[in-house]
Amino acid sequence: MLFISTSGALGRYIQLSVPLLIAARAVLAFLILFIYCKWRGFSLKVSKKDVLPIILSGILLGLHWLTYFYALKLSNVAIGMLSLFTYPILTSFLEPIVLKTKFERVHLFLGFLVLTGIYFLVPSFDAKNSYTIAVGIGVLSALFYAMRNLILKNRVSNYNGSMLMCFQMAIIGIFLSPFFFTNEFSELESQWSSILVLALLTTAIGHTLFLNSFKHFSVTTASILSSVQPIYGILIGMVFLWEIPSLWTVLGGFFILSSVVIESVRSYEK
Numbered sequence: 071m072l073f074i075s076t077s078g079a080l081g082r083y084i085q086l087s088v089p090l091l092i093a094a095r096a097v098l099a100f101l102i103l104f105i106y107c108k109w110r111g112f113s114l115k116v117s118k119k120d121v122l123p124i125i126l127s128g129i130l131l132g133l134h135w136l137t138y139f140y141a142l143k144l145s146n147v148a149i150g151m152l153s154l155f156t157y158p159i160l161t162s163f164l165e166p167i168v169l170k171t172k173f174e175r176v177h178l179f180l181g182f183l184v185l186t187g188i189y190f191l192v193p194s195f196d197a198k199n200s201y202t203i204a205v206g207i208g209v210l211s212a213l214f215y216a217m218r219n220l221i222l223k224n225r226v227s228n229y230n231g232s233m234l235m236c237f238q239m240a241i242i243g244i245f246l247s248p249f250f251f252t253n254e255f256s257e258l259e260s261q262w263s264s265i266l267v268l269a270l271l272t273t274a275i276g277h278t279l280f281l282n283s284f285k286h287f288s289v290t291t292a293s294i295l296s297s298v299q300p301i302y303g304i305l306i307g308m309v310f311l312w313e314i315p316s317l318w319t320v321l322g323g324f325f326i327l328s329s330v331v332i333e334s335v336r337s338y339e340k
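Going by the numbering used here, the residue at position 208 of the sequence shown is 278; the numbering climbs one at a time, nothing skipped.
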C-alpha cells in the first residue's frame, strides 16, 4: 500500500496528458515485469478459458487508471485518492453477486460511512465545480477497479501475480499505443525519471504485491484493509507537493477510512 500510494503525488506531479502518461507507465511496467518473470522462471502460459477474463481485467485496469488520473488532475491528491477509495464498499456489494459469496450485513453500515464521507468531500453539488466532477470520476474509477479485482480473484491462485500484471500492462500498452504518435517525444524524455518511478515502484512492485494478497483474503477484506493507502498518499502529497487537505476533506476521509478499522478488527477476530 505504501508503494501504490505514491501514484497520487506522481499523478499530480508529472505534466503529461493522462492517456500518454498511462501508456508510458504500462509499457515501462510491462518491460520490467517481463524481465522479472523471465529471470524468476515464471510461466507465461495462460489457459484458453482465462484469456478473455485477463484481457477484460486489463481493460478495466486501464480505465481505472485513466479516470483516477483525470480525477487527480481536476482536484488534488486527497480528493482524488479518497474518492477512489469508495471501491472497497463497491466491492462488498458486487462480490456476493459476481463470486456467489455470502453478503454480510455489516457492509451496509460500512457503505453508509463511505457515503457520508463522500458528502463531505463534495464542496457543492454543482456539476460545473471541478472538485465535484473529480469526485464523480473518482467513484467511477473505483467501480472499474472493483470489477477488475473481482474478475481476477478466482485466477490469482492459478497464476503468479507478476505474470498477471505483465499481461495487463501489455493490454493497456497496446490499447493506448496510438497516443505515442500524437504527442512530442520530448515531453516523455523530460519526465522519464518520474514515469520510471511510477512504473517500477507503484505499478510493478506495488500492484503485484496487492494481487498476491488476494491469496490470503477475500477481495472485500483486502480492499478495505488497503484503505490505509490514502493516508500514505495524502502525507506524501503534503511533504512533496505541499497540498494541505481542508477540514471538510479530512472529515470526509475520516468516515471513508474508518471502515478500515472496523474490517481490520473483524478480520483479526475471524
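Glycine included, each C-beta is placed from N, C-alpha and C at the ideal position.
So, residue i versus residue j, is the Cβ gap smaller than 8 Å?
| i | j | result |
| --- | --- | --- |
| N253 | F112 | no |
| V205 | I188 | yes |
| M235 | H277 | yes |
| L210 | I326 | no |
| H134 | R225 | no |
| S87 | L144 | no |
| G322 | F155 | no |
| Y302 | L72 | yes |
| V147 | E313 | yes |
| L98 | L266 | yes |
| C107 | S232 | yes |
| S288 | E165 | yes |
| T272 | T76 | yes |
| L122 | P89 | no |
Would you call residue i buried or exposed, if buried means 16 or more other Cβ atoms sit within 10 Å of its Cβ?
| i | result |
| --- | --- |
| E333 | buried |
| H286 | exposed |
| I105 | exposed |
| F251 | exposed |
| P248 | exposed |
| L317 | exposed |
| Q85 | exposed |
Assuming residue i contacts residue j (C-beta within less than 8 Å), just tell me the rounded distance between them.
| i | j | result |
| --- | --- | --- |
| R95 | L268 | 5 Å |
| Q238 | L131 | 5 Å |
| F153 | I221 | Residue identity differs from the one stated: residue 153 is Ser in this sequence, not Phe. Not really, about 22 Å apart at Cβ, beyond 8 Å. |
| L213 | L281 | 19 Å between Cβ atoms; not a contact. |
| A141 | L311 | Not confirmed; about 16 Å, so no contact. |
| I241 | I125 | 6 Å |
| I304 | S329 | Incorrect: roughly 17 Å between the Cβ atoms, too far for contact. |
| A93 | L270 | At roughly 16 Å, the Cβ-Cβ gap does not stay under 8 Å, so A93 and L270 are not in contact. |
| F139 | G243 | Contact flag wrong, Cβ pair sits at about 16 Å. |
| S162 | L185 | Their Cβ separation, rounded to whole angstroms, is 13 Å, which puts S162 and L185 out of contact at 8 Å. |
| M151 | P315 | 10 Å between Cβ atoms; not a contact. |
| P158 | S297 | 6 Å |
Uninterrupted alpha helix (DSSP H) stretches inside the segment 162-233 (no shorter than 4 residues): 176-191 and 200-223
Continuous alpha helix (DSSP H) assignments of at least 4 residues falling wholly in the segment 74-112: 76-83 and 88-110
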